């Protein structure tokens, strides 16, 4: 995906890494309208979600979108 940032230049973006809760989800639910945007972005980029999966529902929320889910455990990077 190519984007132009005024005053900075042109960039090619290949990957998008997002946090789940607080970024694309709130209280364990995908924020309204985000699912459609993720589907669109996933056609153009490799989209990955990094989460502690506090609500233990990351796969249920994102599984049908074909987005990689990477869980971070406490004390691990």
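Numbering (the numbering used here), first residue to last: 536 to 612.
Where is the CB? At the ideal position from N, CA and C, for every residue including glycine.
Note that the coordinates shown come from a computational prediction; the quantities given were computed from them, not determined experimentally.
Worksheet item: Are the Cβ atoms of residue 538 and residue 548 separated by less than 8 Å?
Response: yes
Item to complete: Can you tell me the Cβ-Cβ gap for residue 482 and residue 589, rounded? I've got them flagged as a contact below 8 Å.
Response: Because the chain spans 536 through 612 in this model, residue 482 falls outside it and cannot be assessed.
Discussion item. Quick check on residue 553: does DSSP put it in helix, strand or coil?
Written reply: strand
Fill in: Top-ranked residue by Cα proximity to residue 575, from 553, 592, 600 and 562
600
Worksheet item: If you drop the 5 nearest sequence neighbours on each side, which residues of the same chain put their C-beta closer than 8 Å to that of residue 584?
Response: 552, 553, 554, 555, 559, 593, 597, 602, 603, 604 and 605
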